[in-house]
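Visitor:
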Amino acid sequence: MRAAENYLPGFADPVHDAQQTFRAVLEAMSRPGTTYEVAPAVQETLRAPGPLGAAAGAVILTLCDEQTPVWLDDQLRETGTVESWLRFHTGARIVEDPAEAMFVVVADPAHAPDLNALACGTDEEPHISATVVIDTPALDTPALDMPPADPAATFRIAGPGIKGQATLTIAGLGAGFLDQWQVNHSRFPRGVDLILTDHTSVRALPRTTELTALEGRAH
Amino acid sequence: MAEPRIVYNEGYLDEQTKRVVRRALLKGVAVPGFQVPFASREVPMPRGWGTGGVQVTAAVIGPEDTLKVIDQGADDTTNAVSIRQFFEKVVNVHTTTHTEAATIIQTRHRIPETPLAEGQIMVYQVPIPEPLRFLEPRETETRRLHALEEYGLMYVKLYEDIARYGHFVTTYDYPVMVNGRYVTAPSPIPSFDNPKMHQSPALQLFGAGREKRIYAIPPYTDVESLGFEDYPFEPQRFEQPCQICGAEDVYLDEVVMDDAGAVMYVCSDTDYCQKTAEAAAAAGQEIPV
């Protein structure tokens with residue numbers, strides 16, 4: 001199976017699928033916390049090698065190439081198929097040290113690398129910073145006045161792209177995430193940006209988004 | 220029709236270039252108002268004719284989109300028509316002149332009068348992306364000034380305007396502060412349009428092809444035109460209504476009518492003017508001229 005999986009195809013219609021996926025990511029980055037579906041054609045045709053989700057695979061095919069070093073977490077590296085698939089379709093270099101990567105891809109959010117150990121750019125060049133793609137199931141984000149399904153993973157979010165205030169639920173994150181994010185947010189303009197992928201959708205958290213724990217949560 | 224001899228990639232640009240532009244756009248959105256350098260490519264028009272806007276649009280657009288292109292508010296000028304035809308040809312995209320029907324609006328120096336909506340993308344063609352350029356010519360220095368959030372020069376310039384003339388003399392490309400951090404050039408839109416950028420529901424993308432910079436303002440972001448407590452920013456105002464459609468509170472162009480110097484003031488936004496004139500005609504109103 002392994003040999004066959006190495007040759008799993010990329011986008012069925014590379015130009016158009018990349019454009020559609022990019023639009024979903026661009027909209028997601030512009031409206032933090034809002035879920036955008038990956039185009040149905042991409043969902044139907046793209047077979048990313050497990051454990052990489054289809055949406056995460058689509059995001060990587062859209063944005064990565066030989067100019068963007070990529071770091072994969074242990075779960076993704078275990079099989080070897082993700083690495084060879086990614087190398088074949090994008091030409092991206094796989095790096096050992098997450099701090100060297102422009103794209104950090106995480107299939108196991110509980111063991112994601114410390115956000116503040118990644119490339120965050122400089123005050124003069126804040127754009128030379130990592131984009132972290134995290135595969136995590138998109139839970140329904142409750143309205144502000146409704147009790148969240150998972151209070152520990154639900155945050156109040158505010159900042160550019162968000163009209164007033166909203167809430168965002170990110171499942172499966174490690175305990176230190178909120179603290180890491182608050183440091184990441186506070187060192188603006190430096191910082192990393194997150195793209196949260198589900199099998200069929202993307203959400204994003206740019207460094208400008210302020211996260212706070214929901215009230216009443218022991219922290 | 221005969222098959223064209225050359226078949227262009229959808230959006231004209233090659234895929235690698237699109238990825239470069241796309242990555243720059245995402246970082247631009249993540250750091251609102253910061254100018255992201257990018258490898259500006261050649262497109263089939265001269266630098267200075269909107270090549271930055273064209274590259275941004277090309278990286279974003281797909282055949283499902285509806286594109287509107289304006290040049291100083293007008294849909295029917297050479298630059299607007301040729302860019303619209305370019306994208307019809309290379310993306311097979313629908314085009315429109317109606318602001319509310321467009322998903323992407325590429326613009327040279329105006330924001331439409333019709334309020335923008337969520338889901339729309341504004342693409343600005345930018346000649347000089349660096350608001351500090353005429354105050355500090357060295358790129359190395361302006362970068363450092365942005366890094367240090369050191370905008371004293373800009374305030375001195377505005378202060379000198381007031382000391383010398385009693386009011387701000389900048390009427391276009393009036394500098395804005397984006398999300399309370401970066402002083403940004405709104406491209407040379409008239410200061411009349413500046414308030415429309417504040418908390419806009421639309422995503423605003425800026426492309427400077429010759430200067431090789433991309434920047435962005437996400438929706439619902441604070442965009443404050445610079446000013447002082449005692450001399451706050453004031454956008455331009457017009458005393459009279461449009462002489463074609465009668466609309467008030469719109470940006471007007473001066474049109475010279477004869478050799479004697481007679482002038483007429485009409486809407487710069489042709490789509491808005493047409494719509495207002497049609498609505499007035501349907502209601503049986505006379506336009507007061």
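Which chain is which? The protein sequence lines are A and B, in order. Using the numbering used here, you'd call the opening residue of the first sequence number 1 and step up by one each time. Using the numbering used here, you'd call the opening residue of the second sequence number 220 and step up by one each time. Beta carbons are placed, not taken as given, at the ideal position from N, Cα and C, and that holds for glycine.
1) Since W71 of chain A sits in a beta bridge, which residues does DSSP pair it with?
2) What did DSSP end up calling L424 of chain B once you bin it into helix, strand or coil?
3) Spell out the partners DSSP gives E473 of chain B in its beta bridges.
4) On the three-pair Cβ rule with 8 Å, is the region 354 to 369 of chain B touching the region 282 to 293 of chain B?
5) Does T208 of chain A have its Cβ less than 8 Å from a Cβ in chain B?
6) So with Cβ pairs under 8 Å, would you call R87 of chain A a contact of chain B?
7) Decide if H219 of chain A is buried, meaning its Cβ has at least 16 other Cβ atoms within 10 Å, or exposed.
8) At the level of alpha carbons, what is the spacing between A213 of chain A and F411 of chain B?
9) Near G174 of chain A, what residues of its chain come up, given a Cβ to Cβ distance below 6 Å and the 5 sequence neighbours on each side ignored?
10) Checking 8 Å against the spacing of the C-beta atoms, do A56 of chain A and V133 of chain A come in under that value?
11) Provide the residue(s) that pair with C120 of chain A in DSSP beta bridges, ordered along the chain.
12) For D179 of chain A, count neighbouring C-beta atoms within 10 Å of its own C-beta (all shown protein chains included) and say buried if the count is 16 or more, exposed if not.
13) Using C-beta distances below 6 Å, list every residue in its chain close to M1 of chain A, excluding the 5 sequence neighbours before and after it, in chain order.
14) For chain B, is any of its Cβ atoms less than 8 Å away from the one on E83 of chain A?
15) Give me whichever residues DSSP pairs with P256 of chain B in a beta bridge.
16) Can you give me, in chain order, the residues of the region 271 to 282 of chain B that have a beta carbon less than 8 Å from any beta carbon in chain A?
17) To the nearest angstrom, how far is it from the Cα of M416 of chain B to the Cα of V442 of chain B?
18) Compare the C-beta of E473 of chain B with all C-beta atoms of chain A and state if any pair is closer than 8 Å.
19) In the DSSP assignment, find the beta strand (DSSP E) that holds L286 of chain B and state where it starts and stops.
20) Taking the continuous alpha helix (DSSP H) assigned at A277 of chain B, which residues delimit it?
21) May I ask you to list the residues that DSSP assigns as paired with E467 of chain B?
22) Less than 8 Å between the C-beta atoms of V279 of chain B and R23 of chain A, yes or no?
23) Does M264 of chain B come out as helix, strand or coil in the three-state DSSP assignment?
24) What separation, rounded to the nearest whole angstrom, lies between the Cα atoms of I94 of chain A and R260 of chain B?
25) Assuming contact is defined by CB atoms lying nearer than 8 Å, are H185 of chain A and R156 of chain A in contact in what I supplied?
26) For V402 of chain B, return the contacting residues in chain A, with the cut-off set at a CB-CB distance below 7 Å.
27) Taking the C-alpha atoms as reference points, what is the distance between G480 of chain B and D472 of chain B?
28) Would you tell me roughly how many angstroms separate the C-alpha atoms of C486 of chain B and P460 of chain B, rounded to the nearest one?
29) Looking at chain A, is there any beta carbon in it that lies within less than 8 Å of the beta carbon of L245 of chain B?
30) Assuming P438 of chain B and R187 of chain A are in contact, meaning their beta carbons sit under 8 Å apart, how far apart are those beta carbons, in whole angstroms?
31) What residues in its chain sit with their C-beta under 6 Å from that of Y227 of chain B, if we drop five residues either side in the sequence?
32) If the cut-off is 9 Å on Cβ atoms, which residues from the region 385 to 413 of chain B count as contacting chain A, listed in chain order?
33) With a threshold of 8 Å on Cβ separation, who are the neighbours of P98 of chain A within its own chain once the five nearest residues in sequence on each side are excluded?
34) Name, please, each residue of chain B whose Cβ falls closer than 8 Å to the Cβ of D65 of chain A.
35) Just to confirm, are S455 of chain B and Y484 of chain B a CB contact at a threshold of 8 Å?
36) Can you find the residues in the same chain that come closer than 6 Å, C-beta to C-beta, to A166 of chain A, ignoring five residues on each side of it along the sequence?
Guide: Based on what the coordinates show:
1) By one-based count along the first sequence, residue 71 of chain A stands at place 71. Within the DSSP bridge table, the entry for W71 of chain A names A:V104 as partners.
2) Numbered from its first residue, the second sequence carries residue 424 of chain B at position 205. Looking at L424 of chain B - three-state DSSP - the assignment turns out to be strand.
3) The residue labelled residue 473 of chain B in the question sits at position 254 within the second sequence. E473 of chain B pairs with B:Y484.
4) Contact between the region 354 to 369 of chain B and the region 282 to 293 of chain B is absent: fewer than 3 CB-CB pairs across the two stretches fall below 8 Å.
5) As a working note, residue 208 of chain A is residue 208 in the first sequence. Yes, T208 of chain A lies at the interface with chain B (some Cβ there is under 8 Å from its Cβ).
6) As a first step, residue 87 of chain A must be located in the first sequence, where it is residue number 87. No - not a single Cβ of chain B is within 8 Å of the one on R87 of chain A.
7) Position 219 of the first sequence, counted from the start, is the residue given in the question as residue 219 of chain A. The pLDDT assigned to H219 of chain A is 44, lower than 50, so where the model puts this residue is not dependable; a value taken from the coordinates is nonetheless given after this. Exposed is the call here.
8) As a position in the first sequence, residue 213 of chain A is number 213, starting the count at 1. As a position in the second sequence, residue 411 of chain B is number 192, starting the count at 1. Straight-line measurement puts the Cα of F411 of chain B at about 41 Å from the Cα of A213 of chain A.
9) Here residue 174 of chain A refers to the residue found at position 174 when the first sequence is read from its first residue. The answer, listed in chain order, is A110.
10) Looking up residue 56 of chain A in the first sequence gives position 56. Looking up residue 133 of chain A in the first sequence gives position 133. A Cβ-Cβ contact shorter than 8 Å links A56 of chain A with V133 of chain A.
11) Start at 1 with the first residue of the first sequence, and residue 120 of chain A comes out as number 120. The partner list for C120 of chain A (beta bridge, DSSP) reads A:S129.
12) By 1-based counting over the first sequence, the position of residue 179 of chain A is 179. Within a 10 Å sphere around the beta-carbon of D179 of chain A sit fewer than 16 other beta-carbons, which makes this residue exposed.
13) In the first sequence, residue 1 of chain A corresponds to position 1, counting from 1. Any reading at M1 of chain A must be qualified, since the residue scores a pLDDT of 47, below 50, and its modelled position is unreliable; the value itself is stated next. Around M1 of chain A: no qualifying Cβ.
14) On the first sequence, residue 83 of chain A is found 83 positions in, with the first residue counted as 1. Chain B, which has no Cβ nearer than 8 Å to the Cβ of E83 of chain A, makes this no.
15) Within the second sequence, the letter at position 37 stands for residue 256 of chain B. Paired residue(s): B:R432.
16) Here the close residues are A278, V279, I280, G281 and P282.
17) Locating residue 416 of chain B in the second sequence gives position 197, counting from the first residue. Locating residue 442 of chain B in the second sequence gives position 223, counting from the first residue. One C-alpha to the other measures close to 6 Å.
18) Position 254 of the second sequence, counting from 1, holds the residue named residue 473 of chain B. Taking a beta-carbon distance threshold of 8 Å, E473 of chain B does not count as an interface residue toward chain A.
19) Locating residue 286 of chain B in the second sequence gives position 67, where the first residue counts as 1. In the DSSP assignment, L286 of chain B falls within the unbroken beta strand (DSSP E) covering T285 to D290.
20) As a working note, residue 277 of chain B is residue 58 in the second sequence. Here the alpha helix (DSSP H) through A277 of chain B covers T270 to V279.
21) If you number the second sequence from 1, residue 467 of chain B lands on position 248. BP columns for E467 of chain B are empty, so no partner.
22) In the second sequence, residue 279 of chain B corresponds to position 60, counting from 1. In the first sequence, residue 23 of chain A corresponds to position 23, counting from 1. Yes.
23) Within the second sequence, numbered from 1, the residue matching residue 264 of chain B stands at position 45. Assigned with DSSP and collapsed to three states, M264 of chain B falls in coil, not helix or strand.
24) Indexing the first sequence from 1 puts residue 94 of chain A at position 94. Indexing the second sequence from 1 puts residue 260 of chain B at position 41. The alpha-carbon atoms of I94 of chain A and R260 of chain B are separated by roughly 28 Å.
25) By 1-based counting over the first sequence, the position of residue 185 of chain A is 185. By 1-based counting over the first sequence, the position of residue 156 of chain A is 156. No, Cβ-Cβ distance for H185 of chain A and R156 of chain A is not below 8 Å.
26) Residue mapping note: residue 402 of chain B aligns to position 183 of the second sequence, counting from 1. Under the 7 Å cutoff, chain A gives no residues; its nearest Cβ is about 13 Å from V402 of chain B.
27) By one-based count along the second sequence, residue 480 of chain B stands at place 261. By one-based count along the second sequence, residue 472 of chain B stands at place 253. Taken atom to atom, the span from the alpha-carbon of G480 of chain B to that of D472 of chain B is near 15 Å.
28) Stepping through the second sequence from its first residue, residue 486 of chain B is reached at position 267. Stepping through the second sequence from its first residue, residue 460 of chain B is reached at position 241. Those two C-alpha atoms are separated by around 9 Å.
29) The residue you call residue 245 of chain B lines up with position 26 of the second sequence. The beta carbon of L245 of chain B falls within 8 Å of a beta carbon belonging to chain A, placing the residue at that interface.
30) Mapped onto the second sequence, residue 438 of chain B falls at position 219. Mapped onto the first sequence, residue 187 of chain A falls at position 187. Between P438 of chain B and R187 of chain A a beta carbon distance of about 24 Å is seen, past the 8 Å cut, so the two are scored as non-contacting.
31) The residue you call residue 227 of chain B lines up with position 8 of the second sequence. Here Y227 of chain B has V309 as same chain residues with Cβ atoms under 6 Å from its own Cβ, once five neighbours each way along the sequence are excluded.
32) Using a CB distance below 9 Å, the part of the region 385 to 413 of chain B facing chain A consists of V397, N398, R400 and Y401, ordered along the chain.
33) As a working mapping, residue 98 of chain A is identified with position 98 in the first sequence. Take P98 of chain A, set aside five residues on each side of it, and the residues of its chain with a beta-carbon closer than 8 Å to its own are W71, V104, P113, A117, L118 and A130, in chain order.
34) For this step, residue 65 of chain A is matched to residue 65 along the first sequence. Near D65 of chain A (Cβ distances below 8 Å), the residues of chain B are Q235 and R238.
35) For the purposes of this step, residue 455 of chain B is taken as the residue at position 236 of the second sequence. For the purposes of this step, residue 484 of chain B is taken as the residue at position 265 of the second sequence. Correcting the residue identity first, residue 455 of chain B is Gln in this sequence and not Ser. Going by C-beta atoms, Q455 of chain B is not nearer than 8 Å to Y484 of chain B.
36) Position 166 of the first sequence, counted from the first residue, corresponds to residue 166 of chain A. Cβ neighbours of A166 of chain A beyond the five flanking positions: G33 and I157.
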